[in-house]
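To start, the structure under review is shown below, and the notes come after it.
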Amino acid sequence: MDFNDTPEEAAFRKEVRAWLEQNTEPKNPDEATDESSDSVTEDDVKVAKAWQKKKADAGWACMRWPKEFGGRGATSIQQVIWNQEEGKRKTPSDIFGITHGMCGPTVMTHGTDEQRKQWIPGMLTGENVWCQLFSEPAAGSDLAGLRMTAVRDGDDWVVNGQKIWTTGAQIADWGILVVRSDPNVPKHKGLTYFVINMHAPGVEVRPIHQINGGRAFNEVFFTDVRIPDAHRLDDVGNGWRVALTTLMNERASIGGGGGGAAMKDLIELAKRIEIDGRRAIDDSAVKERLADFMVRARGLRYTGLRSLTALSHGKTPGPEASMGKLVGAVLGQDMAEFGVELQGMAGGAYDPTSSEDGGAWQARFLGFPGLRIAGGTDEVLRNIIAERVLGLPPEIRVDKTVPFKDIPTGA
Amino acid sequence: MDFNDTPEEAAFRKEVRAWLEQNTEPKNPDEATDESSDSVTEDDVKVAKAWQKKKADAGWACMRWPKEFGGRGATSIQQVIWNQEEGKRKTPSDIFGITHGMCGPTVMTHGTDEQRKQWIPGMLTGENVWCQLFSEPAAGSDLAGLRMTAVRDGDDWVVNGQKIWTTGAQIADWGILVVRSDPNVPKHKGLTYFVINMHAPGVEVRPIHQINGGRAFNEVFFTDVRIPDAHRLDDVGNGWRVALTTLMNERASIGGGGGGAAMKDLIELAKRIEIDGRRAIDDSAVKERLADFMVRARGLRYTGLRSLTALSHGKTPGPEASMGKLVGAVLGQDMAEFGVELQGMAGGAYDPTSSEDGGAWQARFLGFPGLRIAGGTDEVLRNIIAERVLGLPPEIRVDKTVPFKDIPTGA
Amino acid sequence: MNFDFTDDQKMLKETAASFLHEHAPLAHCRAILESDESYSARLWKQIAELGWQATAIPEEYGAAGFGRLELAMLAEEVGRALAPIPFVSSVYLATEALLLAGSDAQKKRWLPKLASGDAIGAFALAERPGQNGYTGVTAALDGGSLSGVKVPVVDGDIADFVVVAAVAGDGPTLALVELPSPGATVTRLESFDPSRSMARIEFSGVPAEPLGAVGQGRALAGRLLDRAAVLLAFEQVGAATRALEITKQYTLERFAFGRPIGSFQAVKHCLADRWCDIEIGRSNCYYGAWALEHDAPELGAAACLSRIGASEALDRMATDMIQLHGGVGFTWEFDCHLFYRRAKLLSTMLGTTASWKHKLVERVSAVEEAA
Amino acid sequence: MNFDFTDDQKMLKETAASFLHEHAPLAHCRAILESDESYSARLWKQIAELGWQATAIPEEYGAAGFGRLELAMLAEEVGRALAPIPFVSSVYLATEALLLAGSDAQKKRWLPKLASGDAIGAFALAERPGQNGYTGVTAALDGGSLSGVKVPVVDGDIADFVVVAAVAGDGPTLALVELPSPGATVTRLESFDPSRSMARIEFSGVPAEPLGAVGQGRALAGRLLDRAAVLLAFEQVGAATRALEITKQYTLERFAFGRPIGSFQAVKHCLADRWCDIEIGRSNCYYGAWALEHDAPELGAAACLSRIGASEALDRMATDMIQLHGGVGFTWEFDCHLFYRRAKLLSTMLGTTASWKHKLVERVSAVEEAA
């Protein structure tokens with residue numbers, strides 16, 4: 040049991056470091072991490088695409104992808120080592136997370152050779168940014184309840200409807216899309232999966248105004264948008280199966296939240312704030328709260344290390360990702376709330392001039408409710424853990440066998 | 040808004056007090072309340088029956104019952120005043136709670152005139168103690184899933200099976216009993232309700248050994264016990280409806296737990312215990328825990344006063360009883376656990392010579408898990424509040440319309 | 341035993357509810373939140389016409405001469421409506437401060453204006469993050485002149501006068517300061533709940549007079565906070581009840597997996613727990629109202645119980661409100677964040693729940709009056 | 341990166357699991373609990389034959405010379421089995437105390453016997469309810485003679501020697517006392533978990549020698565508790581995992597309303613939360629094991645993290661175990677109370693969770709090593 044690289048890992052890390060040191064600046068460690076996930080500018084996109092191109096040219100892009108798709112067939116642990124090292128350097132904001140984490144693998148798994156050739160290289164070189172078009176206003180936790188329609192028309196499909204919670208839709212060139220192609224069969228059977236050109240006529244992207252002021256998500260409206268049948272992934276009616284491939288990767292990539300940097304800040308805050316003339320951190324109730332946060336934050340971190348070890352041994356990590364998301368998001372909200380409360384009567388101010396850490400705690404307190412919902416609500420994650428980890432039975436379902444159009448909607 | 044009696048209530052209270060002062064001794068206020076609800080001795084039963092007789096002779100027994108049944112048609116608030124005043128006096132342990140609170144009202148509501156004449160007077164005068172035979176090993180929260188059978192045989196019914204969690208079965212003369220008379224119809228429709236003579240051949244009572252060492256509950260086994268059809272309450276197949284009458288009263292009578300006396304003891308304990316040379320009560324984390332308990336305990340107490348006020352105004356109190364049971368039992372367990380933890384490294388001792396308060400906190404900590412289950416688990420109570428108070432929809436049910444014998448049991 | 345409000349008091353509450361339903365829907369709170377306005381002057385004026393600000397002011401100052409029980413009923417409705425008005429600052433704090441400690445002259449000068457809504461008062465205690473009471477106050481009152489910085493002062497940007505926690509030569513002393521005043525610089529601050537405004541106020545030798553006995557500021561502020569805590573707790577219970585109703589309705593209408601999400605135990609049990617919190621909070625508030633109305637010795641503990649119960653009920657309900665709404669709960673357009681913001685503003689503005697818990701145990705343990 | 345146990349270590353764990361499965365089913369714990377026996381002498385002897393008590397004792401003392409990682413693996417299985425043996429007292433505490441601070445002579449005298457299971461050691465710190473550490477210790481060590489009362493001493497009634505937290509002229513000092521000894525009166529106490537015994541020990545001028553440097557008792561006891569906390573945390577995680585498995589199985593087999601109760605969200609979500617607690621606890625334990633094995637400077641914080649995570653995981657799981665079993669969970673015949681009792685014994689015996697939380701923040705905040 041140790042925290043060191045194996046000799047092979049150490050050698051690889053050295054190679055990575057050498058390249059990064061030549062091509063990037065080190066990150067300022069005091070720089071605050073921006074957790075508000077606000078929207079990126081056009082310039083950000085250009086810079087990020089150029090950085091991706093640079094990595095691709097040097098053979099560092101999408102390392103785990105097979106060589107035939109431009110990757111280097113790297114191991115998972117190598118990818119992690121790359122991420123760790125890249126994380127220490129000053130690099131453009133990552134706009135390809137969904138492209139590489141979800142869209143690429145889905146196209147590789149379910150696409151034809153032609154489709155792969157058409158789309159994979161542009162992902163790798165950063166030419167194209169992709170987005171994921173799944174959730175709908177009436178289909179969130181119940182994703183398979185989606186209603187957006189696709190109707191066959193000659194060599195095309197015509198799609199109509201609305202998607203929501205689409206990260207990066209405003210900068211995306213392509214999207215992966217699940218729609219209902221047959222409302223007369225049970226819900227999971229009537230779905231079909233497409234790749235859609237986000238610049239096609241009839242696609243309209245509107246940012247969603249979040250409660251924390253951010254606009255990281257979008258609504259996307261589709262009006263008679265035509266998709267060539269050649270852009271369909273897998274068979275008609277097989278959309279749910281394809282979507283599962285995509286989703287398997289999503290929750291892992293949303294990950295923890297919570298811990299890390301904020302923990303350090305919270306301890307610093309508790310040292311700075313005075314309660315009745317004593318440092319807050321010397322108050323036993325404050326200590327107990329902080330300790331509770333630390334145990335959860337560290338527990339998540341060490342769970343991550345256990346997963347890394349599994350990766351390093353060539354194993355597939357278990358369902359820790361669901362736990363990381365569930366525990367991490369609640370932890371983040373708890374810590375943010377405590378950061379606000381430590382400020383006492385001043386907690387309700389949210390002003391860069393008067394609030395501690397420039398209002399960062401209030402900002403986090405407004406942001407974390409979203410993280411408890413996005414990528415699977417607490418409730419959905421508990422179901423997943425109960426069913427997939429513990430093997431408890433699924434909910435009684437009233438909607439699995441009836442035709443989709445007959446499922447009660449309350450409308 | 041005040042805590043005083045109305046003039047009428049004050050007059051009544053005076054009358055009650057006068058009688059009690061003539062017939063009882065005052066209670067020693069420092070005497071510990073026994074929350075372990077252990078079993079009563081034969082002597083206790085004799086004394087309790089004599090006290091009940093004395094009250095009945097003086098017209099104080101079952102005051103709310105109609106005059107025709109021997110009561111005095113008193114108001115609910117009068118009954119409460121009686122209880123308050125009786126509670127201040129030294130009186131025998133109450134063994135008639137179920138008799139008067141559940142069995143009497145059920146017989147009055149669903150019995151024939153003859154049945155009422157046969158059984159009500161003996162309840163009132165304390166001649167007979169009754170018990171309630173509802174729960175079964177496979178039918179707890181799902182009471183209507185009970186399996187004990189009744190088969191018609193001439194003028195009798197022959198019952199076989201087992202009941203469980205029966206308080207007072209070992210001292211009871213009569214019992215109220217729900218059994219399955221028809222397994223071929225849906226579960227709620229195949230039940231029939233009887234009055235059973237607990238001294239009949241084939242009735243065997245076995246005390247249940249609880250985790251806290253107590254034996255307040257019993258298992259009752261029935262082997263070919265014959266019940267005359269004349270002892271059936273209401274129609275064949277109508278047992279569920281009759282049982283609901285009984286249950287309506289149960290949860291109210293189990294009530295709070297938690298707060299009261301233990302709160303005072305816990306504060307005293309926190310004053311006595313030293314943490315690092317300081318009184319525990321001066322520790323801010325201890326303060327926050329105690330305050331949390333106080334808010335819940337007082338909240339329950341004042342909710343009770345609101346109910347009393349409703350009674351006093353002649354209204355029916357709302358669903359506060361479910362809340363009292365839910366919040367009170369959890370509170371009691373939390374307080375007990377904290378009482379154990381305040382004792383630090385000595386918390387795991389449970390010895391009259393070395394534990395604080397003679398081990399009372401450890402005893403409570405072993406007892407409260409039962410109170411969170413008896414009379415409706417936390418989960419059942421949350422369902423009740425969600426459905427009856429908030430109007431949320433019931434669970435999806437797979438067992439309501441199929442014949443009872445076809446309901447999955449896992450066996 | 342009459343642990344309830346009278347029919348007249350309940351009638352007042354219902355009337356207030358209908359008025360606010362019509363004139364202060366949540367859209368009105370949102371409008372102020374999204375605008376540059378600090379508060380709804382229109383609503384403030386309307387409720388002044390109904391005499392709400394005057395509720396607990398004696399008749400001799402031209403007011404209604406009702407009592408705190410009536411005020412508690414109104415507070416619950418103001419809370420339900422998330423009314424964007426300085427009710428806490430002006431009515432529970434500034435008015436109560438004058439009633440508690442004001443000289444005849446001070447009362448005569450300000451109470452009629454407070455009663456009519458023509459003046460808005462505020463209470464300024466905190467000077468820096470972390471404060472929950474008088475400890476840490478450094479603003480100095482010296483010979484009729486006040487110097488120091490108060491931040492944040494809720495409603496400080498719209499106040500006509502401020503009651504300031506200060507320290508004089510003889511010890512902690514409350515000071516009364518009129519605004520605007522030469523030497524007083526008021527800067528509006530961003531609020532976590534922009535439907536309620538706050539300010540930083542810098543006093544540089546501003547004319548000020550003591551409110552109440554010199555040297556008694558800490559005790560007076562304590563009593564003032566207790567009184568305000570009870571009334572504010574009714575606001576919190578009102579807001580929490582509204583949030584529960586809205587959330588419940590949403591879970592009945594929102595379908596997933598072919599059934600209303602309100603039929604899932606995770607949702608049902610969460611709402612059942614929140615209902616219990618609210619009822620526990622409400623019952624403690626009733627006790628607080630009783631103690632406040634009778635100025636009973638139990639008020640010290642009762643204020644803590646009301647405050648803690650109500651703050652926790654609303655904080656938790658507002659958090660679960662977003663969670664149970666799912667994605668839309670995180671959008672600006674849905675009303676969840678109005679409750680989430682207001683909840684945190686209210687649960688911190690008179691001191692955090694933790695600080696009231698400390699007070700509760702200190703008080704109860706001091707008087708040996710425990711359970 | 342290798343944040344895991346080796347295959348050999350895991351193999352040891354599996355072997356231990358099969359052994360305990362066969363020789364220490366829960367019925368064995370129950371048998372001791374219901375009997376007058378203080379512990380299972382049979383099981384203690386059996387595991388001695390397997391060398392478990394010797395795991396971390398160096399070879400020079402006739403022992404296995406494994407390390408703490410192996411011991412942690414065994415601890416988890418001992419916890420799973422709720423084994424009714426003095427493993428904590430003798431192995432994590434008394435043995436570690438000797439390894440940490442014993443003189444050569446002391447080591448030679450006791451370690452071989454501890455290794456073979458022929459001697460049982462115990463650690464005596466607390467003197468009165470409320471203690472969670474050295475503060476409050478008054479037992480006096482004076483010229484080779486010990487006087488004072490220790491209560492409770494876990495396994496004190498079966499110990500052949502006790503490490504006693506005492507105060508000498510030069511300050512806090514650990515003392516080593518052989519039992520029985522003239523002047524030492526051992527009285528067995530009722531235990532909350534009668535499958536683990538405890539005693540009151542009165543020392544009246546009992547012969548005793550210092551263990552470790554005179555005046556260093558507080559620091560040594562602190563280090564000792566840290567080491568024991570990590571190992572005990574593995575026991576707690578083991579017990580919690582077992583409780584979760586049993587409870588899960590019950591909810592699959594118990595039907596209500598025509599379906600297994602494990603299909604209700606209230607049950608599923610509760611168990612999901614408990615699983616998360618246990619995994620959080622387990623991961624912190626891994627960190628503790630790493631720090632313990634390497635005697636790393638991080639051990640102080642790591643011990644706290646392991647202890648808190650594991651104590652909370654087991655305390656909560658044991659409570660929910662009864663609740664999810666419903667009525668039968670409250671009966672003597674079901675095993676739930678074995679876990680409920682053991683959980684509370686373990687989460688208090690090295691000091692409460694709260695006391696370890698205080699320690700954690702003090703340590704982390706002292707070294708500025710935070711997140």
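Chains as they are written, first to last, in my numbering: chain A, 40 to 450; chain B, 40 to 450; chain C, 341 to 711; chain D, 341 to 711. Backbone N, C-alpha and C define an ideal beta-carbon position, used for all residues, glycine too.
Give the residues of chain A in contact with residue i, contact being defined as C-beta atoms less than 7 Å apart.
i      : result
A324/B : S323, A324 and E327
H350/D : Checking the sequence shown, residue 350/D turns out to be Lys, not His. Going along chain A, no residue has its Cβ under 7 Å from K350/D, so there is no contact; the nearest lies around 12 Å.
S623/D : G338, Y341, T342 and R345
R703/C : Ordered by position in chain A, no residue passes the 7 Å Cβ test against R703/C, which lies about 16 Å from the chain.
Can you tell me the Cα-Cα spacing of residue i and residue j, whole angstroms?
i      : j      : result
S531/C : S537/C : 6 Å
L639/C : R703/C : 10 Å
E243/B : R265/B : 14 Å
A404/D : Q393/D : 9 Å
D152/B : L272/B : 11 Å
I235/A : H270/A : 7 Å
T285/B : Y232/B : 11 Å
A211/A : P433/A : 36 Å
N122/A : W672/C : 34 Å
Please state whether the Cβ-Cβ distance between residue i and residue j is less than 8 Å.
i      : j      : result
L514/D : L551/D : yes
A425/A : K608/D : yes
L308/B : D396/B : yes
G628/C : L654/C : no
A336/A : L370/A : yes
S603/C : I312/B : no
Within 8 Å of any Cβ in chain F, is that where the Cβ of residue i sits?
i      : result
H698/C : Among the protein chains of the structure shown, namely A, B, C and D, there is no chain F.
Just the chain C side, please: which residues come within less than 8 Å of residue i by C-beta, in chain order?
i      : result
N361/A : The sequence given here has Ser at residue 361/A, not Asn. Those do not exist, as S361/A stays about 15 Å from chain C at its closest Cβ, beyond 8 Å.
For residue i, which residues in chain A fall below 9 Å Cβ to Cβ?
i      : result
S603/D : L431, P432, P433, E434 and I435
Which residues of chain A have a Cβ atom closer than 8 Å to the Cβ of residue i, listed in chain order?
i      : result
C616/D : M362, L365, V366 and I424
D613/D : R421
Since I believe residue j is in contact with residue i (beta carbons under 8 Å), could you give me their beta-carbon distance rounded to a whole number of angstroms?
i      : j      : result
T462/D : V507/D : Checking the sequence, you will find Ala at residue 462/D rather than Thr. Not really, about 19 Å apart at Cβ, beyond 8 Å.
Which residues in chain D have a C-beta closer than 9 Å to the C-beta of residue i? List them in chain order.
i      : result
R403/A : What R403/A touches in chain D: nothing, since even the nearest Cβ is about 14 Å away.
Could you tell me which chain D residues have their CB closer than 7 Å to the CB of residue i, listed as they occur along the chain?
i      : result
D390/B : L529 and E530
Task: Residues from the stretch 406–438 of chain B in contact with chain A, defined by Cβ distance under 7 Å - done: I435 and V437
Task: Residues of the stretch 455–471 of chain C whose Cβ lies closer than 8 Å to any Cβ of chain A, in chain order - done: L465, A466, R468, P469, G470 and Q471
Open item on the list: What are the residues in the stretch 680–695 of chain D lying within 7 Å of chain A by C-beta distance?
Closed with: A694
- [ ] Please list the residues of the stretch 350–364 of chain D that have a C-beta atom closer than 9 Å to any C-beta atom in chain B, keeping them in chain order.
- [x] none
TODO: Compile a chain-ordered list of the residues in the stretch 645–662 of chain C whose CB is closer than 9 Å to at least one CB of chain A.
DONE: D655, T659 and I662
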